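J.: The numbering of the sequence shown is our numbering, which starts it at 580 and goes up by one.
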Amino acid sequence: MFMKLSKERRSFIFPVTIILLLSTIFFLSCTQTQDYFTFYDEQYDFRVQVPGKYRELEKRTEVIDTSAGKFNMDFFIATGEEKVFMIGALRHGFPGTDEEMTRFGMEFASRSLAESAEILWKREITLNGYPALSLRYRKEQNGQSVYAHTVILEIPGTQYQLQVISYNEKELDEQDAVRFQMSFKHIESRDSNELQDQDQDDDSEP
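Below you can see the structure in the form of structure tokens.
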């Protein structure tokens, strides 16, 4: 038989329980709204949601050699203990059709990865209304297997890469990795105030 609580004890426990519940709800809501931030780049007109603990993004530029010539590709890299989040942007200038752009991306991905990495799977998808190529691959680095999930998105004139890298393949399927890639949006020219308001709305999504 459970011990009966005095009226005074019950009157104390009830509000304390409510306070703890409300505190938990408040904490969870803060966690949901602060776990991600919107990274926006004006040069390439895109925004993407990055986990909050990866706020420091380093920009690098590399020369990419393709069958269509050499191009400068900019990378925005957020490095953490568990994962690396990376956005690549290459302005190749070919307007083309969706089908042509998809083939360009597939050729680029195959040439870049086939010689040095094992492609685990590859499939065509649609992201933000544009054709894209989704790849999962494994590469040996310093005696360890490194796993990466890359989405190559083709928008007429520009190629984007959204890549998550980890030593643990299962981490590529975690919510932060999936949200990072699926949140990508190409932004047409618009009023800066409207863009800022939209970014705030995106940050508040669970």
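Backbone N, C-alpha and C fix where the C-beta goes; we use that ideal spot for every residue, glycine too. From a predicted model like this one, the values you see are computed outputs, not experimental measurements.
Could you tell me the distance, in whole angstroms, from the CA atom of D624 to the CA atom of R670?
T.: Spanning the two alpha carbons is a distance of roughly 11 Å.
J.: In the DSSP assignment, what residue or residues form a beta bridge with Y615?
T.: The partner list for Y615 (beta bridge, DSSP) reads P630.
J.: Beta-carbon separation of L692 and A711 under 8 Å?
T.: No, Cβ-Cβ distance for L692 and A711 is not below 8 Å.
J.: Quick one: give me the first and last residue of the beta strand (DSSP E) that A727 is part of.
T.: Its beta strand (DSSP E) spans residues Q723 to I734.
J.: Using alpha carbons as the reference points, say which of G736, R715 and G672 lies closest to N747.
T.: Checking every option, the nearest Cα to that of N747 belongs to R715.
J.: So, at 6 Å on beta carbons, what are the nonlocal neighbours of E767 in its own chain, with the 5 sequence-adjacent residues on each side left out?
T.: Around E767: no qualifying Cβ.
J.: Bridge partners for K749 per DSSP, in chain order?
T.: Bridge partners of K749: none, in fact.
J.: DSSP state of D624, grouped into three classes?
T.: D624: coil per DSSP, three-state reduction.
J.: Relative to the C-alpha of T737, which candidate in M761, W700, Y726 and F673 has its C-alpha closest?
T.: Taking only the C-alpha atoms, the option nearest T737 is F673.
J.: Name the one or two DSSP bridge partners that H765 has.
T.: In the DSSP output, where bridge partners are listed per residue, H765 has F625.
J.: Assign F673 to one of three DSSP states: helix, strand, or coil.
T.: Three-state result, F673: coil.
J.: Which residues mark the beginning and the end of the beta strand (DSSP E) in which A711 is found?
T.: Run containing A711: Y709 to Q720, per the beta strand (DSSP E) assignment.
J.: Verify whether the separation of the beta carbon atoms of V629 and Y619 is less than 8 Å.
T.: In this structure, Y619 does not lie closer than 8 Å to V629 by Cβ.
J.: At what residues does the beta strand (DSSP E) containing A657 begin and finish?
T.: Per DSSP, A657 belongs to the beta strand (DSSP E) from G648 to T658.
J.: Quick check: the Cα distance between R572 and Q742, rounded to an integer number of angstroms?
T.: Missing from the structure shown is residue 572; the chain here goes from 580 to 785 and no further.
J.: If I measure Cβ to Cβ from I704 and keep anything under 7 Å in the same chain, skipping five residues before and after, which residues do I get?
T.: Result list for I704: A711 and S713, in chain order.
J.: Pick from E694, G648 and Q760: whose alpha carbon is nearest that of V730?
T.: Minimum Cα distance to V730 is reached at Q760.
J.: How big is the Cα-Cα spacing for M665 and S695?
T.: About 19 Å.
J.: What separation, rounded to the nearest whole angstrom, lies between the Cα atoms of E697 and Q723?
T.: Whole-angstrom Cα-Cα distance: 14 Å.
J.: Return helix, strand or coil for S602, following the three-state DSSP convention.
T.: Its pLDDT being 39, under 50, S602 is placed unreliably in this model, and the value from its coordinates should be taken loosely. Helix at S602.
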